[in-house]
Structures are given as C-alpha cells and as structure tokens.
Amino acid sequence: MVKKQVKVAPSLLSANFLDLRKEIELINISQADYLHIDVMDGHFVPNISIGFPLIEQVATISKKPLDVHLMVEKPEQYFNRLFEIGVEMISVHVEQNIHHHSLIQQLQKNNVKAGLVLNPFTPLELVYDNLPYIDFILLMSVNPGFGGQEFLPFTIKKIKKLSDFIEKEKLNCQIEIDGGINLENAKEVIDAGVDIIVAGTSIFKAYNPIEVINEMKKMGN
Numbered sequence: 111m112v113k114k115q116v117k118v119a120p121s122l123l124s125a126n127f128l129d130l131r132k133e134i135e136l137i138n139i140s141q142a143d144y145l146h147i148d149v150m151d152g153h154f155v156p157n158i159s160i161g162f163p164l165i166e167q168v169a170t171i172s173k174k175p176l177d178v179h180l181m182v183e184k185p186e187q188y189f190n191r192l193f194e195i196g197v198e199m200i201s202v203h204v205e206q207n208i209h210h211h212s213l214i215q216q217l218q219k220n221n222v223k224a225g226l227v228l229n230p231f232t233p234l235e236l237v238y239d240n241l242p243y244i245d246f247i248l249l250m251s252v253n254p255g256f257g258g259q260e261f262l263p264f265t266i267k268k269i270k271k272l273s274d275f276i277e278k279e280k281l282n283c284q285i286e287i288d289g290g291i292n293l294e295n296a297k298e299v300i301d302a303g304v305d306i307i308v309a310g311t312s313i314f315k316a317y318n319p320i321e322v323i324n325e326m327k328k329m330g331n
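Following the working numbering from start to finish, the sequence shown increments by one per residue and tops out at 331.
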C-alpha cells in the first residue's frame with residue numbers, strides 16, 4: 111500500500127561538517143520535513159557522533175524540526191537537554207534493557223514525539239506491545255553506527271509486516287526507515303508502508319540535494 115505525503119528527513123551524519131551552516135541552510139530551502147540527527151556515545155554503537163553543543167547550534171540554524179535518534183546506553187540522561195533545545199522527535203532503541211513505556215511517557219509529557227528503534231536483526235514482535243503508545247517506529251535498514259552503508263533488502267518484508275500489523279490494529283504509529291535509502295530503493299520502501307524516509311549519503315553527496323529530496327517526496331503520490 112502506497113502511503114501519501116511521504117516525509118523526508120536528511121541525515122546530518124552525512125553532511126560536510128566543515129561547511130555545516132551551508133549544508134543546513136540548503137535543507138532549509140528544500141521540501142525536507144525534518145533534519146535527522148544521530149547521537150552516538152561510543153558504547154551502544156562503536157562510534158561517536160555529535161553532542162549537545164553542536165545540536166544547540168544546529169537548532170539555531172535549522173528551520174526544519176529536529177528528529178533525534180539516540181544510539182546511546184542511557185538515553186534518559188539526554189532527554190532534559192534535548193527538551194531545552196526544542197527537538198520535535200526522539201527515538202530510543204528497543205534492544206536496551208530499559209523501561210520503554212516509562213521513557214515514552216516522559217517524552218510525550220514534554221510534547222516530544224516518541225519513537226522506538228529496531229536494529230535490522232531485531233524481531234518486530236519485541237515492539238508490538240508498545241505500538242499503541244508511540245508516535246513512530248524507526249526501522250534500521252543497516253547496522254547502526256556508521257553512514258554510507260548499503261540497504262539490507264530483507265527490510266522490505268519487515269516493513270510490510272509492520273505496516274500490515276499497524277493497519278490491522280488501527281494504530282496511529284508512523285514507520286520511519288533509516289539506512290542506505292536512495293532514489294533506487296525509496297519507491298520500494300514507500301510502497302511497503304514507510305511514512306518517513308531518512309537519507310544521508312544519497313542527499314548530501316548528490317550533485318543536487320534539493321532535487322533528490324523532491325524526487326523522494328514525489329514517490330509517495
């Protein structure tokens with residue numbers, strides 16, 4: 111089933127950090143819906159990305175709502191600063207042995223859209239009980255921690271299965287996809303049921319990033 115009004119969230123991880131203002135201003139004038147920010151602590155994933163000082167600076171420049179993906183061991187320790195910055199979406203991983211529902215409630219009480227993230231080989235069943243309470247679920251279509259990886263094809267079946275479950279249960283939960291998304295596979299993930307596309311390399315490394323964003327959004331119509 112094709113979803114209408116597909117949203118696109120360029121991933122800051124793939125931007126040129128030596129010219130970050132220019133990169134963000136380019137996204138500002140595009141049809142992108144969000145700016146996706148990956149926060150890594152070097153423990154949950156074997157990489158470190160950006161911290162609060164840079165996110166705060168990005169927030170002062172970006173005209174797009176911030177979508178923050180926390181790849182960290184203790185996500186709750188990041189919440190208050192992110193609330194102060196004014197991010198719109200925060201997602202945390204289901205793989206962590208934490209009280210997900212409590213975190214979801216904390217996010218939503220602070221007017222932040224709450225999402226749960228599943229790594230590529232994590233079964234969907236682990237998140238089913240939480241679906242009625244979250245605003246979106248982020249499916250990783252690459253192993254998290256590094257940009258520029260290739261899309262894992264089996265993710266398509268996972269998207270379809272999740273989309274069918276959400277439709278059957280009449281849930282108000284959007285599906286976001288992140289990892290190796292480009293103009294060659296975006297249509298397929300949208301047709302499978304994706305609502306929000308996160309794309310990094312295919313946008314920021316393109317000759318015309320704005321046109322790539324436009325083309326991805328057209329695929330949802």
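We put the beta carbon where it would ideally sit given N, CA and C, even for glycine. The structure presented is a predicted model; accordingly, all values stated were derived computationally and were not measured.
Could you have a look at residue i and say whether DSSP puts it in helix, strand or coil?
i      : result
Gln107 : With the chain covering 111 to 331 only, the question about residue 107 has no answer from this structure.
Leu226 : strand
Met329 : coil
Leu249 : strand
Asp274 : helix
Lys113 : Unreliable positioning characterises Lys113 in this predicted model, as indicated by a pLDDT of 46, which lies under 50. The coordinate reading is nonetheless provided below. Coil.
Ser121 : strand
Lys305 : Going by the sequence as given, residue 305 is Asp instead of Lys. The answer is coil: DSSP assigns Asp305 none of H, G, I, E or B.
Ile160 : coil
Val299 : helix
Asp129 : helix
Leu136 : helix
Ile171 : helix
Val322 : helix
Ile147 : strand
Below 7 Å CB to CB, which residues in the same chain sit around residue i once its five sequence neighbours on both sides are set aside?
i      : result
Lys297 : Met329
Leu123 : Asp148, Ser159, Gly257 and Gly310
Tyr243 : His211 and Ile214
Arg131 : Ile171
Glu205 : Asn229 and Thr232
So, at 6 Å on beta carbons, what are the nonlocal neighbours of residue i in its own chain, with the 5 sequence-adjacent residues on each side left out?
i      : result
Ser140 : Ile320 and Ile323
Val112 : Residue placement at Val112 cannot be trusted, given a pLDDT of 46 that sits under 50; the coordinates are not used to answer.
Val227 : Ser201, His203 and Leu248
Asn99  : Coverage of the chain is limited to positions 111 through 331, which leaves residue 99 absent and any answer about it impossible.
What does a CB cutoff of less than 8 Å around residue i pick up in its chain, not counting 5 residues either side in sequence?
i      : result
Glu260 : Val252 and Gly290
Glu186 : Ile208, Leu213 and Gln216
Ile195 : Phe162, Ile165, Glu166, Ala169 and Leu176
Ser312 : Ile291, Asn292, Leu293 and Val322
Asn198 : A small fix is needed here, since residue 198 is Glu in this sequence, not Asn. Same-chain partners within the cutoff: Tyr144, Pro175, Leu176, Asp177, Val222 and Lys223.
Would you mind sorting residue i into buried or exposed? The rule is 16 or more other CB atoms within 10 Å of its CB.
i      : result
Glu277 : exposed
Gln115 : exposed
Gly152 : exposed
Lys173 : exposed
Asn221 : exposed
Glu133 : buried
Phe127 : exposed
Ile188 : The amino acid occupying residue 188 in the given sequence is Tyr; Ile does not appear at that position. Its Cβ being crowded by 16 or more others within 10 Å, Tyr188 is buried.
Lys219 : exposed
Lys327 : buried
Asn295 : buried
Lys117 : buried
Lys268 : buried
Pro375 : Coverage of the chain is limited to positions 111 through 331, which leaves residue 375 absent and any answer about it impossible.
Asp129 : exposed
Examine the ligand NAP and report whether any of its heavy atoms sits within less than 7 Å of the Cβ of residue i.
i      : result
Ile214 : Summarising the ligand content, the structure contains no ligands, and the ligand NAP is consequently not present.
Cβ contact check for the region 162-182 and the region 207-217: 3 or more pairs under 8 Å: No contact exists between the region 162-182 and the region 207-217.
Residue ranges of each beta strand (DSSP E) within the region 178-244, 3 or longer: Taking only runs of at least 3 residues, the beta strand (DSSP E) segments lying wholly in the region 178-244 are 199-203 and 223-228.
Cβ contact (3+ pairs, closer than 8 Å) linking the region 264-284 and the region 224-241: Yes, the region 264-284 is in contact with the region 224-241.
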